[in-house]
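Just add 2 to wherever you are in the sequence shown, counting from 1, and you've got the working numbering.
Backbone N, C-alpha and C define an ideal beta-carbon position, used for all residues, glycine too.
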Amino acid sequence: MAIFNKTAGDRPATRLDSGSAESSMSVIGSGMRVVGDIESSGVIKVEGVVEGSVRGARQLLLGKGGTIHGDIHAMDAILGGTVVGNVVASERVEVQGTSSVEGDILTKSMVVYEGGTINGNVRMGDPAAIARHTPAAGQPAMGLVAEG
Numbered sequence: 003m004a005i006f007n008k009t010a011g012d013r014p015a016t017r018l019d020s021g022s023a024e025s026s027m028s029v030i031g032s033g034m035r036v037v038g039d040i041e042s043s044g045v046i047k048v049e050g051v052v053e054g055s056v057r058g059a060r061q062l063l064l065g066k067g068g069t070i071h072g073d074i075h076a077m078d079a080i081l082g083g084t085v086v087g088n089v090v091a092s093e094r095v096e097v098q099g100t101s102s103v104e105g106d107i108l109t110k111s112m113v114v115y116e117g118g119t120i121n122g123n124v125r126m127g128d129p130a131a132i133a134r135h136t137p138a139a140g141q142p143a144m145g146l147v148a149e150g
């Protein structure tokens, strides 16, 4: 078969197209630990541990075994695991029955399933108001200051 006999010089260059940011998904698998902030314009799925903020995601999917120790800034956040930090979602937050949020939530629309817990303030409003309340990097969300 000729396909196996071709040399690299005989083949046309192959361009790998991962698609647009709209279709890309970044996965932090179970057993994986990321220390530092994550920025993405696509979908982020967390099944492991993130010790840092997650910013800019079109959608954040936090699995029931996942943990985020930091603030979340996304368009949509579907939470099934543990969040220790504030959540700012310009469109929607879903707190599933297996989820625990230790921090404030600021969003346009929200669903909380039975069993899901929130220990913090919840503020809901239009996206423009949410954008005005979104802190700059390094600033606490909604005027909160960590003590310690």
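For residue i, list the residues DSSP reports as bridge partners.
{"i": "THR109", "result": "ALA91, MET126"}
{"i": "THR119", "result": "SER102"}
Is the CB-CB distance between residue i and residue j below 7 Å?
{"i": "GLY65", "j": "GLY87", "result": "no"}
{"i": "VAL124", "j": "GLU96", "result": "no"}
{"i": "GLY127", "j": "GLY99", "result": "no"}
{"i": "VAL52", "j": "VAL29", "result": "no"}
From residue i to residue j, what does the alpha carbon distance come to, in whole angstroms?
{"i": "SER102", "j": "VAL85", "result": "6 Å"}
{"i": "GLU49", "j": "HIS75", "result": "18 Å"}
{"i": "GLY54", "j": "ASP78", "result": "18 Å"}
{"i": "GLY162", "j": "SER26", "result": "An answer regarding residue 162 cannot be provided, because it is not within the stretch 3 to 150 covered by the chain."}
{"i": "ILE80", "j": "GLU41", "result": "17 Å"}
{"i": "ILE46", "j": "VAL56", "result": "9 Å"}
{"i": "THR109", "j": "GLN61", "result": "13 Å"}
{"i": "GLY44", "j": "VAL89", "result": "17 Å"}
{"i": "ALA23", "j": "LEU63", "result": "Only weak support exists for where ALA23 lies, its pLDDT of 46 falling under 50; the value from the coordinates is given anyway. If you take the alpha carbons of ALA23 and LEU63, they lie about 16 Å apart."}
In terms of alpha-carbon separation, which member of the options lies closest to residue i?
{"i": "THR69", "options": "MET77, ASP128, GLY31", "result": "GLY31"}
{"i": "ASP39", "options": "TYR115, ASP106, GLY58", "result": "GLY58"}
{"i": "ASP106", "options": "GLU116, TYR115, ALA91", "result": "ALA91"}
{"i": "GLU116", "options": "SER43, GLY82, ARG60, GLN61", "result": "GLY82"}
{"i": "GLU93", "options": "GLY67, VAL56, SER111", "result": "SER111"}
{"i": "GLY33", "options": "VAL89, ILE120, VAL45, GLY67", "result": "GLY67"}
{"i": "ILE120", "options": "GLU104, GLN61, LEU108", "result": "GLU104"}
inquiry  = Going residue by residue through the stretch 19 to 87, where are the continuous beta strand (DSSP E) segments of at least 3 residues, counting only ones entirely within it?
reply    = 27 to 30, 35 to 37, 45 to 48, 51 to 53, 56 to 64, 69 to 71, 74 to 81, 84 to 86
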